[in-house]
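Just remember that this note's numbering sits 268 ahead of the position in the sequence shown, which is counted from 1. Report on the structure given below.
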Amino acid sequence: MADPQLSVRSGKARDLARRLARRQNRTIVDAVERALEYYELREAGREPASVFYRRLSAQSVTDIDLDAVIHETGSAG
């Protein structure tokens, strides 16, 4: 069985992940996982992830600009 994969269609996200991985001397996967874990901890007490993703799915039928959504959600609080 193949390992799960995450595909992000953002050049900016790819470049950020590569820079972060290089700076931390980690693999890109490790750097992204740690960044997402940190983000989850920092955002605890806010909108639960399940609600966030349900809302994203309801708002969009096509690709989503996650950077814009994160900035929009982050500035609302």
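Positions of the beta carbon are idealized from the N, C-alpha and C atoms, including for glycine.
Tell me whether the beta-carbon of residue i lies closer than 8 Å to the beta-carbon of residue j.
i: Ala-299; j: Ala-312; result: no
i: Leu-288; j: Ala-303; result: yes
Quick check on residue i: does DSSP put it in helix, strand or coil?
i: Ala-270; result: coil
i: Arg-277; result: coil
i: Ala-336; result: helix
i: Arg-310; result: helix
i: Arg-294; result: coil
Using C-beta distances below 6 Å, list every residue in its chain close to residue i, excluding the 5 sequence neighbours before and after it, in chain order.
i: Gln-292; result: Ala-299
Can you give me the start and stop residues for the alpha helix (DSSP H) that residue i sits inside?
i: Arg-322; result: 317-327
In chain order, what residues of the same chain have a beta carbon less than 8 Å from the beta carbon of residue i, not counting five sequence neighbours either side?
i: Glu-282; result: Before going on, a small fix: residue 282 reads as Arg here, not Glu. Result list for Arg-282: Val-276, in chain order.
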